[in-house]
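*Asks:* Take this structure, written in structure tokens, and hold onto it; I'll ask about it next.
Numbering (our numbering), first residue to last: 1361 to 1612.
Put into structure tokens, the structure is as follows:
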């Protein structure tokens, strides 16, 4: 009888260890978007009653496509934020100079665009610092904003960036253009016009393949959204309008 009781208790303890203990650890280790927004560590969009949008571009500059995008932005008097890669900025300093002269914002997107989530904390810091130094050297300004490559985020990435003084800037999930998938201009135009809401952060790319679809989409979307009363502003301007959006507990 004692033997059976011992076996039963042992199995019960094993069950608790396997199924309860580790699951609690996983919950504690894996933080949600809600947690990072609530703590002001990362931003996906901003709550505002103003009809403003923040247009952002990742991965550039491209010597081929970034100037064409700048031409469109200038034509429609639109300001954007470019999350640029340090090594590519060094290869195209004239483009960076033009971006700044025309009123656009440059933000940190690492120095080499590595698989950031696979790096050690030390390597992450080196990527961020090297990119920041390049931005400062080429623009004469520092940046407070960082977007991780591929939009991959976790607690380590966000805490490392925050520790260096950066706010992590993501994008509104419903305003990802998906231009990296080459889904077609008509698809991207419909998606942008259908989903746009106040305070959104829009994602496009100015590097990483043929960005002709991106350019053609911008040519249609920018004037259409302006006709609806939207103004395009930089990330810095967006965050000045309202404190970082803190979700209510019951909104999830």
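Each residue gets a CB set at the ideal place from its N, CA and C atoms; glycine is no exception. No experiment lies behind these values; they were computed from the predicted model shown.
Give the list of continuous alpha helix (DSSP H) stretches no shorter than 4 residues that lie fully inside the region 1384–1434.
*Replies:* 1393–1398
*Asks:* Measure the CB-CB distance between residue 1432 and residue 1601 and report whether it falls below 7 Å.
*Replies:* no
*Asks:* Along the chain, where does the alpha helix (DSSP H) that runs through residue 1481 open and close?
*Replies:* 1481–1499
*Asks:* Note the first and the last residue of the continuous beta strand (DSSP E) segment covering residue 1560.
*Replies:* 1560–1565
*Asks:* Please state if the CB of residue 1413 and the CB of residue 1590 are separated by a distance shorter than 7 Å.
*Replies:* yes
*Asks:* Does DSSP put residue 1587 in a helix, a strand or coil?
*Replies:* helix
*Asks:* Going by C-alpha to C-alpha distance, which of 1558, 1538, 1561 and 1559 sits closest to residue 1550?
*Replies:* The shortest C-alpha separation from residue 1550 is found at 1538.
*Asks:* I need the straight-line Cα distance from residue 1540 to residue 1565, nearest angstrom please.
*Replies:* Each residue's Cα considered, the two are about 7 Å apart.
*Asks:* Name the residue from 1398, 1490 and 1429 whose alpha carbon lies nearest to the alpha carbon of residue 1437.
*Replies:* 1429
*Asks:* What are the start and end residues of the alpha helix (DSSP H) that includes residue 1521?
*Replies:* 1515–1523
*Asks:* Assuming residue 1402 contacts residue 1513 (C-beta within less than 8 Å), just tell me the rounded distance between them.
*Replies:* Their Cβ separation, rounded to whole angstroms, is 7 Å, which keeps residue 1402 and residue 1513 in contact under 8 Å.
*Asks:* Suppose you measure from the CA of residue 1462 to the CA of residue 1394; what does that come to, to the nearest Å?
*Replies:* When rounded, the distance between both Cα atoms is 35 Å.
*Asks:* Starting from the C-beta of residue 1507, find all residues in its chain whose C-beta is less than 6 Å away, skip the five residues before and the five after it, and write them out in chain order.
*Replies:* Cβ neighbours of residue 1507 within its own chain (closer than 6 Å, five residues either side excluded): 1443, 1469 and 1529.
*Asks:* Output the boundary residues of the alpha helix (DSSP H) element that contains residue 1451.
*Replies:* Counting along the chain, residue 1451 sits inside the alpha helix (DSSP H) bounded by residues 1446–1451.
*Asks:* Taking the alpha carbon of residue 1599 as the point to measure from, which residue in 1481, 1556 and 1561 has its own alpha carbon closest?
*Replies:* 1561
*Asks:* Please identify the residue among 1448, 1518, 1421 and 1451 whose C-alpha is closest to the C-alpha of residue 1441.
*Replies:* Comparing alpha carbon positions, the residue from 1448, 1518, 1421 and 1451 closest to residue 1441 is 1421.
*Asks:* Please classify residue 1465: is it buried, with 16 or more other beta-carbons within 10 angstroms of its beta-carbon, or exposed?
*Replies:* Buried.
*Asks:* Is the beta carbon of residue 1558 sitting closer than 7 Å to the one on residue 1408?
*Replies:* yes
*Asks:* Is the Cβ-Cβ distance between residue 1505 and residue 1527 less than 7 Å?
*Replies:* yes
*Asks:* Between the alpha carbons of residue 1597 and residue 1580, how many angstroms are there, rounded?
*Replies:* CA-CA distance, residue 1597 to residue 1580, rounds to 24 Å.
*Asks:* So, helix, strand or coil for residue 1581, using DSSP?
*Replies:* helix
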